[in-house]
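First up is the structure itself, then whatever we jot down about it.
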């Protein structure tokens, strides 16, 4: 565990070095500096308002999303063109998790080299959380605000910056975190301070947690329906599963990239794809490209209400692909 935490600290130091470089080169964007960008008049992030809407079906989402997409993408592409030969640049804004003005670091990490991966970057200079992590953290914080009871919360992560922040700063929450440490480990086993859990067979009692948080985990499990069923089982009545996933807004049907046969062998239906994993240099294999039927998957497991929470704002550092989103499933 000490090695993993050290690795996270090194990554944070590298991001801080990029922030310093951007400031030295004056590669800094403010709300005032981008008012004349083509399309900026409808770019909601130019104000201090946070656009936040719940959607329960593809039709309603697409109606709004398509009405704003082209101009928002024009603005996002403008930054990509302006900084295509730069290592990093800064958006000045406000971190809702830190509750303070901040510098959001943008760069080309995790990108295709054409457009920045805004979802995985826009790292706050204070907390070190990226775009999607900051939103999930603040969304949870607002759900717990002014509530006197202590909430039991489970995260499918433990060695990450996100988990450390949630466990440390949410005073009315009792946090449990875990990592997947391998198929030969026992669920609930503590190894070098890290708890092992398999999302397909959690070791927790039924009805234990008020909230379960999953940050880009479900695309990596062999059977997402079993994982959703386990989350449902472990939640209390009226508990909430909050999850982020790489999501394909134009697809109704989820594409399964990998299956496992009766002999336990993986059958790749599409070229192998991996995402970053703090416990693996190779990364985590992607099993699913999710579409809108993920809402149906949740309902099939018993969740009474399932919806996308769509959000967007440059001021709060929530941009990318014209819209950002997470999902909530209420038991």
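In my numbering, the protein residues as written are 1 to 331.
Ideal Cβ placement from N, Cα and C applies to all residues, glycine included.
None of these values were measured; they are calculated from a predicted model.
Leaving aside the five residues before and after residue 286 along the sequence, list all residues of the same chain whose C-beta is less than 7 Å from its C-beta, in chain order. For this step, residue 286 is matched to residue 286 along the chain shown. Taken in chain order, the residues that qualify are 219, 220, 257, 273, 274 and 275.
From residue 213 to residue 136, what does the alpha carbon distance come to, in whole angstroms? The residue given as residue 213 occupies position 213 in the chain shown. The residue given as residue 136 occupies position 136 in the chain shown. Computed Cα separation, rounded: 9 Å.
Rounded to the nearest angstrom, what separates residue 353 and residue 41 at their Cα positions? Because the chain here runs from 1 to 331, residue 353 falls outside it and cannot be looked at.
Would you kindly report the start and end of the unbroken alpha helix (DSSP H) that includes residue 165? Here residue 165 refers to the residue found at position 165 when the chain shown is read from its first residue. 161-169 is the span of the alpha helix (DSSP H), which, as asked, contains residue 165.
Below 6 Å CB to CB, which residues in the same chain sit around residue 120 once its five sequence neighbours on both sides are set aside? Indexing the chain shown from 1 puts residue 120 at position 120. Once the five neighbours on either side are set aside, the close Cβ partners of residue 120 are 110 and 130.
Assuming contact is defined by CB atoms lying nearer than 7 Å, are residue 94 and residue 248 in contact in what I supplied? Within the chain shown, the letter at position 94 stands for residue 94. Within the chain shown, the letter at position 248 stands for residue 248. Result no, Cβ atoms of residue 94 and residue 248 do not sit closer than 7 Å.
Pairing CB atoms from the segment 81-95 with CB atoms from the segment 299-318, are three or more of them under 8 Å? Flag = yes, the segment 81-95 and the segment 299-318 touch.
DSSP three-state label for residue 68, please. Taking the chain shown and counting its residues from 1, the one referred to as residue 68 is at position 68. Residue 68 falls in the helix class under three-state DSSP.
Identify, in the order they occur along the chain, each residue of the same chain with its Cβ nearer than 6 Å to the Cβ of residue 54, setting aside the five sequence neighbours on each side. By one-based count along the chain shown, residue 54 stands at place 54. Scanning its chain for C-beta atoms nearer than 6 Å, with the 5 sequence neighbours on each side dropped, one finds around residue 54 the residues 307 and 309, in chain order.
Let me check one thing: in DSSP terms, what residues is residue 328 bridge-paired to? Numbered from 1 along the chain shown, position 328 holds the residue referred to as residue 328. Answer by DSSP bridge pairing, in chain order: 242 and 307.
From what residue to what residue does the alpha helix (DSSP H) around residue 232 run? Counting from 1 along the chain shown, the entry for residue 232 is found at position 232. Segment 224-234, the alpha helix (DSSP H) holding residue 232.
So, helix, strand or coil for residue 58, using DSSP? Your numbering for residue 58 matches position 58 in the chain shown. The three-state secondary structure of residue 58, taken from DSSP, is helix.
When the Cα atoms are used, what is the spatial distance from residue 271 to residue 122? The count along the chain shown starts at 1 and reaches residue 271 at position 271. The count along the chain shown starts at 1 and reaches residue 122 at position 122. Going by the C-alpha atoms only, they are around 29 Å apart.
Entirely within the segment 114-162 and at least 3 residues each: give me those beta strand (DSSP E) ranges in chain order. 151-155
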